[in-house]
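Asks: I'd like to ask you about the structure that follows.
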Amino acid sequence: MGEHTLLSVGTRLLVVEVGLAVTLMLAVVLGGAGTQWWRTRRARQQTHARDMIARLLTSSPNARGDLETLRQLPFPVREALVLEFGRTVRGQSVERLALVANSIGLTARAARACDSAFWWRRLTGARLLGVLDHHGPELRTLLNDPNPIVRAEVLHWAAGRADHRIIDALVEHLIDPARLCRFTVRDSLLRLGHPAAVALENFLEREEPSALADALLVARGLAQPNLLPAALRLSRHREPLVRARAVGVLGALGGDSAGVALLECLQDDEATVREAAARAIGEVAHWGAASALAERLCDASFPVRRESGLALRRLGSVGLLLLRHARSSENPFAVDMASQVLDLPESVFHRMAA
Amino acid sequence: MSALPSYLYSTIFAQFDRAIFAYFLLLVAVYGTLVAFSLWELCLHVLRVRGEARHWVLGSAVSPSISILAPAYNEEATIAESVTALLALHYANLELVVINDGSRDRTLEVLRERFALVPVHTIVWRRLHTKPVHRLYRSTSHPNLVVVDKANGGKADALNVGLNLATGDLVCVIDADTIVDADALPRLARPFLADAHTIATGGMIRVANGSRVSGGRVVETAAPHNALAGLQVGEYLRAFLFGRLGWNRLGGTLIISGAFGLFKRESMIACGGYTHDTVGEDMELVIKLRRRAYECRERHKVVFVPDAVAWTEVPETMAVLGRQRDRWHRGLADVLWRHRRLIGNPRYGAMGMVGLPYFLIVELLAPVTELLGWVALGMWLLLGALHGEAALVFFALAYGLNAIHGTLALLADELSFPRYRRTRDRLLVIGWSLLETFGYRQLTVVWRVRGLWRFLRGRTDWGRMERRGFRSPVTPSVANVTGLDGEALPTR
């Protein structure tokens, strides 16, 4: 290629470049100004519409004028408003909001969005139907959506429904491949409270260690007595993580059988299990384990020594006596930890032990 | 004899021209790829977070706990406001650890008075070796505030002390003078909830100069009127939106800004925490984290989050800016030198084969190549060996691409998570972005080459960094001589 040709190509490219740069600059300025104008307009519409929805929620939802005005609003405005109200109102107001949403065509549109091929539309649909506490089959179907963000949204909605079929489906998601869904389902089960305990008890019969570990975290939060047999069994599981989490459940439940199991776990080969056991003994204030805890002040693992020390202090006078005794021990680890625990100001101790 | 020099000249010219042109094409290809991936990531991210509710994550009993580490050195003018703002961040399970790194001013006294601190004795597992800790304090008015007073040892040492003390599952590193958006933490924590393999996330750093700050928050954004600060707005946007976001798709970024990042605490401790004797400790940490993960054959992810925003005050004088860029480039060179065995090593996956070679060839050597290009251009023109018109077109093309790159970043920002409300500010930012090519860019090249030269000569100091402070127009805060000056952007 000759120099002249190169120059000619370069010049043409330069013209294209300048054109592109100018277009982009115009897009920034005009796009920005346009977006700003649209946002301001939308904010104005929302302020007006917010008053109307508030009126509709407090009085009859058949106020035709208001509904007609709301129906005229662009879909994103209606969507944003219903989401905003749906996340703040509870009880009867949700039912009224659902009626309003239905009257302004939002529910039907959200239900259609749940069938969309695009995940972000399904997400929008799920969000809207979720805040409206929709009873149709759309949300249940989305519990098995291929997109984890959509699934997580529906799992969050499920936390408000004490329906055993939904709870069973919810518990199944403890082994969801997506962490977001596992996180959401743990949160949802904890919010559900007692109704989730039965489904969880059945789930704890499973074998998968990772699923069990997640389920035991929920079990600890729920602290329901029906979970005790499973926790006792799993405190002897082959996986250290499962044993440590099961010990946590025992600490939340307490009782004689839990105390015996915790004492056994305090001698476990794994430091994480011993640490969890020491903490749990402190939680249930199992006096019988005081001397075993004092022995753990010499443990090779720092977290085990720390938890044992804190647990001894939680036991009260017996534990304090053993801690003072440990200060004159021959083991430097025990002396150090006992001194540190005894020197803790009350407020800091409570925070650390919590 | 007379034909020999002429032949030699033409051969040298031709080879040099080709090398420069090839490098130029490589840069265009690399930046083009990064821009394409960034825009794709940005679109997906906007779709993900639009209409999202974060309150349930905030109130959840299973959300990970976060410890914020805020090192402070001679920050008496701003520390109270900064700590108040950090304590007011929207996150339920939050602990704030402020590390006073042997300040010579009244930083500790201000904290003691403002937050009713009382000395405490607490149990600390010293897993990382640090300079001695003089005393620990807890606030009686804010139970989740811990203040550590320690011997001066630099930013890395201060952060390592914080790591020993932190109890959260995640550790957020924030410079004491960085302003963080109230809802930035749950946004930054989102990737940890979405993927168990996430080990670090980094937020977007924006230029606070010109904006109105009140109560430790940016309450009104505006483009800076100071030329030097204005020129950095586009630079920051480009560096974060294109230079970091695109890496989410290319195997993960290698830099999490030291001013605002969130890390898995156990991973940080396992890799030995921050390295003391480097000026690029933030990049060094990310590489160490990833290196360890590769060596232990653990899956891992480092994610940049474009909507988690922190604000920083950028230098407004040439001297300070020059020292900053010099130090960033020295830091980059130092980190690449320390981890040179990883470059091009397939054992380290995308980091070894893509990330580090990119930082070596594109980031580290770009200013050298650019400087060589100018020198050669001058020589060629003097020797009459260059077609003036062709050279002009080539340089116009190169700078045109730079302008497109910058404007595209502004547009992407405007259409995703816009901050500037007024058209005047947008015009101002575009104006600064266009002017960047004339003079400012060349200056940064000189500073970066100087940094590289100083690295080769073994210089390792941080230099002096002066800040005007957000509250007062006169200089209330002068930091620092040992490394707590809160820079955000180590390259480009």
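As they're listed, the protein sequences go chains W and E. Be aware that the first sequence starts at 1, since it is given in my numbering, and climbs by one per residue. Be aware that the second sequence starts at 1001, since it is given in my numbering, and climbs by one per residue. Ideal Cβ placement from N, Cα and C applies to all residues, glycine included. Here the structure is a predicted model, which means the values were calculated and not measured.
Between which two residues does the alpha helix (DSSP H) harbouring E/Lys1131 extend?
Replies: Mapped onto the second sequence, residue 1131 of chain E falls at position 131. Counting along the chain, E/Lys1131 falls outside any alpha helix (DSSP H), and DSSP gives it neither H nor E.
Asks: Quick one: what does DSSP say E/Arg1106 is sitting in, helix, strand or coil?
Replies: The count along the second sequence starts at 1 and reaches residue 1106 of chain E at position 106. Coil at E/Arg1106, not helix or strand.
Asks: Closest by CA to W/Trp37, which one among E/Arg1421, E/Leu1434 and E/Ser1433?
Replies: For this step, residue 37 of chain W is matched to residue 37 along the first sequence. Here the closest residue by C-alpha is E/Arg1421.
Asks: Spell out whether any CB of chain E is found under 8 Å from the CB atom of W/Thr47.
Replies: Within the first sequence, residue 47 of chain W is the residue found at index 47, counting from 1. Not one chain E Cβ lies under 8 Å of W/Thr47.
Asks: Considering only their Cβ atoms, is the gap separating E/Phe1260 from E/Val1035 smaller than 8 Å?
Replies: Within the second sequence, the letter at position 35 stands for residue 1035 of chain E. Within the second sequence, the letter at position 260 stands for residue 1260 of chain E. In this structure, E/Phe1260 does not lie closer than 8 Å to E/Val1035 by Cβ.
Asks: I'd like to know if W/Gln340 contacts chain E, where contact means its C-beta is closer than 8 Å to some C-beta of that chain.
Replies: As a working mapping, residue 340 of chain W is identified with position 340 in the first sequence. Output row for W/Gln340: interface = yes.
Asks: With a threshold of 8 Å between beta carbons, is E/His1121 in contact with chain W?
Replies: Along the second sequence, read from residue 1 onward, the residue named residue 1121 of chain E stands at position 121. For E/His1121, the answer is yes, since a Cβ of chain W falls inside 8 Å of its Cβ.
Asks: If you compare alpha carbons, which of E/Arg1114, E/Phe1115, E/Leu1136 and E/Val1118 is closest to E/Val1124?
Replies: Locating residue 1124 of chain E in the second sequence gives position 124, where the first residue counts as 1. Closest by alpha carbon: E/Leu1136.
Asks: Buried or exposed: which applies to E/Gly1378, given that a residue is buried once 16 or more other Cβ atoms fall within 10 Å of its Cβ?
Replies: Within the second sequence, numbered from 1, the residue matching residue 1378 of chain E stands at position 378. When all chains shown are included, E/Gly1378 counts as exposed.
Asks: Could you list the residues in the segment 1193-1205 of chain E with a C-beta less than 7 Å from some C-beta on chain W, going in chain order?
Replies: Answer in chain order: Leu1193, Ala1194, Asp1195 and Ala1196.
Asks: Taking Cβ positions only, does W/Val335 come closer than 8 Å to chain E?
Replies: Numbered from its first residue, the first sequence carries residue 335 of chain W at position 335. So, not an interface residue.
Asks: Note down, in chain order, each residue of its chain lying with its Cβ closer than 7 Å to the Cβ of W/Ile104, except the 5 sequence neighbours on either side.
Replies: Along the first sequence, read from residue 1 onward, the residue named residue 104 of chain W stands at position 104. Closer than 7 Å at Cβ, skipping near neighbours: Leu67, Leu70, Arg71 and Arg78.
Asks: Please list the terminal residues of the continuous alpha helix (DSSP H) segment that includes W/Pro177.
Replies: If you number the first sequence from 1, residue 177 of chain W lands on position 177. Careful: W/Pro177 lies outside any alpha helix (DSSP H) and carries neither H nor E.
Asks: Starting from the beta carbon of E/Ile1430, find every residue of chain W whose beta carbon is closer than 8 Å, and list them in chain order.
Replies: To locate residue 1430 of chain E, count along the second sequence from 1; it is residue 430. What E/Ile1430 touches in chain W: Met25, Val28 and Val29.
Asks: Does the beta carbon of E/Arg1471 sit closer than 8 Å to a beta carbon anywhere in chain W?
Replies: Mapped onto the second sequence, residue 1471 of chain E falls at position 471. Low local confidence applies: a pLDDT of 48 at E/Arg1471 is under 50, so the model's placement there is unreliable, with the coordinate-based value given in what follows. For E/Arg1471, the answer is no, since every Cβ of chain W falls outside 8 Å of its Cβ.
Asks: The beta strand (DSSP E) with E/Ala1072 in it runs from where to where?
Replies: Position 72 of the second sequence holds residue 1072 of chain E. Ile1066 to Ala1072 is the span of the beta strand (DSSP E), which, as asked, contains E/Ala1072.
Asks: Step through the CB atoms of chain W and report whether any lies within less than 8 Å of the CB of E/Ser1010.
Replies: Start at 1 with the first residue of the second sequence, and residue 1010 of chain E comes out as number 10. So, not an interface residue.
Asks: With H, G and I counted as helix, E and B as strand and the rest as coil, what does DSSP make of W/Glu172?
Replies: In the first sequence, the residue the question calls residue 172 of chain W occupies position 172. Note: W/Glu172 maps to helix in three-state DSSP.
Asks: To the nearest angstrom, how far is it from the Cα of W/Thr272 to the Cα of E/Asn1345?
Replies: The residue given as residue 272 of chain W occupies position 272 in the first sequence. The residue given as residue 1345 of chain E occupies position 345 in the second sequence. Going from the Cα of W/Thr272 to the Cα of E/Asn1345 covers about 36 Å.
Asks: For the alpha helix (DSSP H) that E/Cys1296 lies in, which residues bound it at each end?
Replies: Within the second sequence, the letter at position 296 stands for residue 1296 of chain E. It is not in any alpha helix (DSSP H) - E/Cys1296 carries neither H nor E in the DSSP assignment.
Asks: I want to see whether chain W comes within less than 8 Å of E/Glu1389, judged by CB atoms only; does it?
Replies: Locating residue 1389 of chain E in the second sequence gives position 389, where the first residue counts as 1. Yes, contact with chain W.
Asks: If you run the structure through DSSP and keep just helix, strand and coil, what is W/Ala290?
Replies: On the first sequence, residue 290 of chain W is found 290 positions in, with the first residue counted as 1. Correct three-state label for W/Ala290: helix.
Asks: Can you tell me which of E/Val1207, E/Ala1092 and E/Ala1229 puts its alpha carbon nearest to the alpha carbon of E/Gly1168?
Replies: Reading the second sequence from its first residue, position 168 is the one you call residue 1168 of chain E. Among E/Val1207, E/Ala1092 and E/Ala1229, the Cα nearest to that of E/Gly1168 is on E/Ala1092.
Asks: DSSP on E/Cys1043, reduced to helix/strand/coil?
Replies: The count along the second sequence starts at 1 and reaches residue 1043 of chain E at position 43. Note: E/Cys1043 maps to helix in three-state DSSP.
Asks: Tell me the residue span of the beta strand (DSSP E) that contains E/Pro1346.
Replies: Your numbering for residue 1346 of chain E matches position 346 in the second sequence. E/Pro1346 -> no beta strand (DSSP E), and no H or E assigned at all.
Asks: Within 10 Å of its beta-carbon, does W/Asp176 have 16 or more other beta-carbons around it, so buried, or fewer, so exposed?
Replies: Within the first sequence, the letter at position 176 stands for residue 176 of chain W. Answer is buried; the Cβ neighbour count reaches 16.
Asks: Let me know the beta strand (DSSP E) ranges lying completely inside the segment 81-137 of chain W, each 3 residues or longer, listed in chain order.
Replies: For the segment 81-137 of chain W, not a single whole beta strand (DSSP E) run of length 3 or above is found.
Asks: Quick check on the DSSP output: the alpha helix (DSSP H) that includes W/Ser235 runs from which residue to which?
Replies: Here residue 235 of chain W corresponds to residue number 235 of the first sequence, with the count starting at 1. Careful: W/Ser235 lies outside any alpha helix (DSSP H) and carries neither H nor E.
Asks: Along the chain, which unbroken stretches of the beta strand (DSSP E) at least 3 residues long are found entirely within the segment 1211-1238 of chain E?
Replies: Complete beta strand (DSSP E) runs here, min 3: 1212-1214 and 1217-1220.
Asks: Does the separation of the CB atoms of W/Leu83 and W/Leu128 fall below 8 Å?
Replies: Within the first sequence, the letter at position 83 stands for residue 83 of chain W. Within the first sequence, the letter at position 128 stands for residue 128 of chain W. For W/Leu83 and W/Leu128, yes; Cβs fall inside 8 Å.
Asks: Buried or exposed: W/Pro229, going by 16 or more other Cβ atoms within 10 Å of its Cβ?
Replies: For this step, residue 229 of chain W is matched to residue 229 along the first sequence. By the 10 Å Cβ count, W/Pro229 comes out exposed.
Asks: Determine the chain E residues that contact W/Gln36 at a beta-carbon separation under 7 Å, and present them in chain order.
Replies: The sequence position of residue 36 of chain W within the first sequence is 36, counting from 1. Per Cβ cutoff of 7 Å: Arg1421.
Asks: For chain W, find out if any of its Cβ atoms is closer than 8 Å to the Cβ of E/Ala1061; answer yes or no.
Replies: For this step, residue 1061 of chain E is matched to residue 61 along the second sequence. So yes, E/Ala1061 belongs to the interface.
Asks: Could you pull out every residue in the same chain whose Cβ sits closer than 6 Å to the Cβ of W/Ala246, ignoring the five residues on either side in sequence?
Replies: Position 246 of the first sequence holds residue 246 of chain W. The answer, listed in chain order, is Leu216, Ala231, Leu234 and Ser235.
Asks: Can you give the Cα-Cα distance for E/Leu1228 and E/Ser1211, rounded to whole angstroms?
Replies: Your numbering for residue 1228 of chain E matches position 228 in the second sequence. Your numbering for residue 1211 of chain E matches position 211 in the second sequence. E/Leu1228 and E/Ser1211: Cα-Cα distance of roughly 15 Å.
Asks: Just reading off the beta strand (DSSP E) that E/Glu1095 is part of, what are its end residues?
Replies: The count along the second sequence starts at 1 and reaches residue 1095 of chain E at position 95. It spans Leu1094 to Asp1101 - the beta strand (DSSP E) in which E/Glu1095 sits, taken as one unbroken run.
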